[in-house]
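**Q** Numbering (our numbering), first residue to last: 827 to 1252.
Ideal Cβ placement from N, Cα and C applies to all residues, glycine included.
What you are looking at is a predicted structure, and each value in this text was computed from that prediction instead of being measured.
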C-alpha cells in the first residue's frame, strides 16, 4: 500500500546503493574504460597533430632546400654564362688583333643576358668593368717601401663625393667621407697613424656603439665603406628617384680596379667621365660628347685620347710631351713618372687605359620562393700586357675554400680567368 506522503519508486529508479554488488562493479568498469578511451583519443590526437606538424616542417625544409639549390644553381649558371661572354670577347679581340675593351664590342659582353629559364628558376647575367671605376685601393702607392698619396686620384674621389652630395641633396660632408676613407686605407711603418683634419682613426671607431678598429690597410670589399665615418646607407646606395637615377657607390668605386688607378675611358660611366673632365680643367657637360664619340668609335690606344678628347681635358699632359708643354701652352713641370701623383702633372698614360682585366659578374636567380645573387669578380687574361703591372698579387690570389663555397671554377684550362672574390647574396 502506498504511503500517502512518499513518491512511488519503481525498481528501475531504485538508488545506486540498492543495486546488487555485481551490477555496481560492472557500471564502474564501464566508466573507467570510457575514461581510458578518452585519454587514448586525446593522446592519439596529440601524436597526430605533432606528426602532422613535423611532417609539414620537414616538407617545408625540404622545399626550402630544393628552392635554395635551384636558386644557387641558376645563379652559378648565370655567372658561367658571363664568363663565356668575356671569353668570347677575348677570342674575338685576338682574332681581329684588337687590344681594347669597350661597351660596343662584338660579343656585347656589357649587355649581359636577360632573364631566361633554367628549370623552375629564372636567371640573368650582368657584367660591369671594374677598370671603368675609381679604385680606392690605388689612392696610395708604395715607393721604396714608403707609402705615398696618389694625389690626382684622391682629389678625383673628393670631386665625385662632392657632386654626389650636391646632386642627391645629402647632408653628408664629402670632405669627412673622403678623409675618413684615406685614414681607413693608409698605414704607417711605425704604427703611429696621424688622423686627417676631417678623418677618423681608432679613437673614433672604438667609441662607437659597437667598437671596432680602423682598417689601416687595403679594402677587401667595397661594402667596407659602410663602416667609415661620414658614410650612411642613403649616401652609399644613392637616390634612384633622380633623373637619371643616382646609382650605388659600388657602380663608381671599386677595390678591384687597376693597381695604378688608371680608368678605362671606353667603359667608365658618365658620372665618372664627368668628374674626370671637371678635375682636369674641362666642362663636365662635355663628358656627354666623350660618351657619344666612344659609342661610335672606341679608342684603340691611349695615344688617341689627346687627339679626340684633349680639348675636354686641358690640364692633362701628352705622353709625348716630356718637357711639360700643356694643352693651353705655357710651361709645366717635367713629366712625372707613372704613379708619382702630382696634381695637374699627370699624363694620359697615368690616368687612362683603353682595355681591362677585371670584371664584376652578377648572376641573378629568381623563383617564386625567393631571389638570390652571386657576385663574382674575375681576372681575365689582359689584352694589353701593360696592364699586368697594375694587377697586384693579392688580386690574383684565390683559395680552395672560397672556390668550394661558391662552386665556380677557378680558371679555364688556358688560365684565361681567375676568381678574385665571390659571394652569395640571398
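Within the continuous alpha helix (DSSP H) that includes residue 1006, where are the two ends?
**A** Start and end: 1000-1011.
**Q** Have a look at residue 1193 and residue 903 and give me their C-alpha separation to the nearest angstrom.
**A** Rounded to the nearest angstrom, the two C-alpha atoms are 15 Å apart.
**Q** Could you compute how far the alpha carbon of residue 864 sits from the alpha carbon of residue 892?
**A** Rounded to the nearest angstrom, the two C-alpha atoms are 41 Å apart.
**Q** Per DSSP, which one or two residues make a beta bridge with residue 942?
**A** Paired residue(s): 949.
**Q** So, helix, strand or coil for residue 1207, using DSSP?
**A** Of the three classes helix, strand and coil, the one that applies to residue 1207 here is coil, per DSSP.
**Q** Please list the terminal residues of the continuous alpha helix (DSSP H) segment that includes residue 1129.
**A** Residue 1129 -> alpha helix (DSSP H) spans 1129-1135.
**Q** Write down every uninterrupted run of the alpha helix (DSSP H) in the stretch 1094-1127 whose length is 4 residues or greater and which is fully enclosed by it, in chain order.
**A** Complete alpha helix (DSSP H) runs here, min 4: 1096-1105 and 1113-1122.
**Q** Would you call the stretch 982-994 and the stretch 1098-1118 touching, i.e. three or more CB-CB distances under 8 Å?
**A** Verdict: yes, contact present.
**Q** Going by other Cβ atoms of all chains shown within 10 Å of its Cβ, with 16 needed for buried, is residue 1058 buried or exposed?
**A** When all chains shown are included, residue 1058 counts as exposed.
**Q** By the 10 Å Cβ neighbour count, where 16 or more other Cβ atoms means buried, how is residue 1006 classified, buried or exposed?
**A** Under this definition residue 1006 is a buried residue.
**Q** Once you ignore the five residues that flank residue 918 on each side, which residues in its own chain have a CB closer than 8 Å to its CB?
**A** Excluding residues within five positions, the ones whose Cβ falls inside 8 Å are 924, 931, 932 and 933.
**Q** Look at the alpha carbon of residue 1253 and the alpha carbon of residue 1052, and state the distance between them as a whole number of angstroms.
**A** Nothing about residue 1253 can be reported from this structure: the residues present for the chain run from 827 to 1252 only.
**Q** Nearest to residue 1012 by CA position, among 1000, 999 and 1026, is which residue?
**A** Measuring from the Cα of residue 1012, the nearest candidate turns out to be 1026.
**Q** Excluding five sequence neighbours on each side, which residues of the same chain lie with their C-beta closer than 6 Å to the C-beta of residue 1210?
**A** Closer than 6 Å at Cβ, skipping near neighbours: 925 and 1181.
**Q** Would you kindly report the start and end of the unbroken alpha helix (DSSP H) that includes residue 1059?
**A** Where residue 1059 is concerned, the enclosing alpha helix (DSSP H) stretches over 1059-1063.
**Q** Please report the residue range of the alpha helix (DSSP H) in which residue 1029 lies.
**A** First-last of the alpha helix (DSSP H) with residue 1029: 1028-1032.
**Q** Mapping DSSP to helix, strand and coil, what is residue 1189?
**A** Reduced to three states, the DSSP call for residue 1189 is strand.
**Q** Looking only at C-alpha atoms, which of 921, 1175, 1073 and 1082 sits nearest to residue 1183?
**A** Comparing Cα positions, the closest option is 1082.
**Q** Any chance the stretch 956-963 sits against the stretch 1065-1085, with 3 or more Cβ pairs inside 8 Å?
**A** As far as the Cβ criterion goes, the stretch 956-963 touches the stretch 1065-1085, which means the pair count is three or higher.
**Q** Residue range of the alpha helix (DSSP H) that residue 972 falls in?
**A** Where residue 972 is concerned, there is no enclosing alpha helix (DSSP H), although the beta strand (DSSP E) it sits in stretches over 972-975.
**Q** Thinking just about the alpha-carbon of each residue, which of 1061, 1127, 1089 and 1140 is nearest to the one in residue 1109?
**A** Per the Cα distances, 1140.
**Q** Less than 8 Å between the CB atoms is what I'm expecting for residue 1144 and residue 1132, so what's the real figure, rounded?
**A** Yes, residue 1144 and residue 1132 are in contact; Cβ-Cβ is about 5 Å, under 8 Å.
**Q** State buried or exposed for residue 1173, treating a residue as buried only when at least 16 other CB atoms are found within 10 Å of its CB.
**A** It is buried - the Cβ of residue 1173 has at least 16 other Cβ atoms within 10 Å.
**Q** Just checking my contact of residue 991 with residue 944 at CB under 8 Å: how many whole Å lie between their CB atoms?
**A** The pair is not a contact, with the Cβ atoms about 42 Å apart (cut-off 8 Å).
**Q** Under 8 Å, do residue 996 and residue 1046 count as touching if we go by C-beta distance?
**A** Taking 8 Å as the Cβ cut-off, residue 996 and residue 1046 do not qualify as a contacting pair.
**Q** Taking 6 Å as the limit between beta carbons, can you name the residues of its chain near residue 994, skipping five residues before and five after?
**A** The residues are 1065 and 1072.
**Q** Can you tell me whether residue 1245 is buried or exposed, with buried defined as 16 or more other CB within 10 angstroms of its CB?
**A** Buried is the call here.
**Q** I'd like to know whether the C-beta atoms of residue 1125 and residue 1089 end up nearer to each other than 8 Å.
**A** Going by C-beta atoms, residue 1125 is not nearer than 8 Å to residue 1089.
**Q** Which whole-angstrom value describes the C-beta separation of residue 1242 and residue 897, a residue pair presumed to lie in contact below a C-beta threshold of 8 Å?
**A** At roughly 27 Å, the Cβ-Cβ gap does not stay under 8 Å, so residue 1242 and residue 897 are not in contact.
**Q** In this structure, does DSSP put residue 816 in helix, strand or coil?
**A** For the chain, the structure presents residues 827 to 1252; residue 816 sits outside this window and is missing.
**Q** When DSSP labels each residue in this structure, what does residue 1025 get in the three-state scheme?
**A** In the structure shown, residue 1025 sits in coil (DSSP, three-state: anything other than H, G, I, E or B).
**Q** Between which two residues does the beta strand (DSSP E) holding residue 967 run?
**A** Where residue 967 is concerned, the enclosing beta strand (DSSP E) stretches over 966-969.
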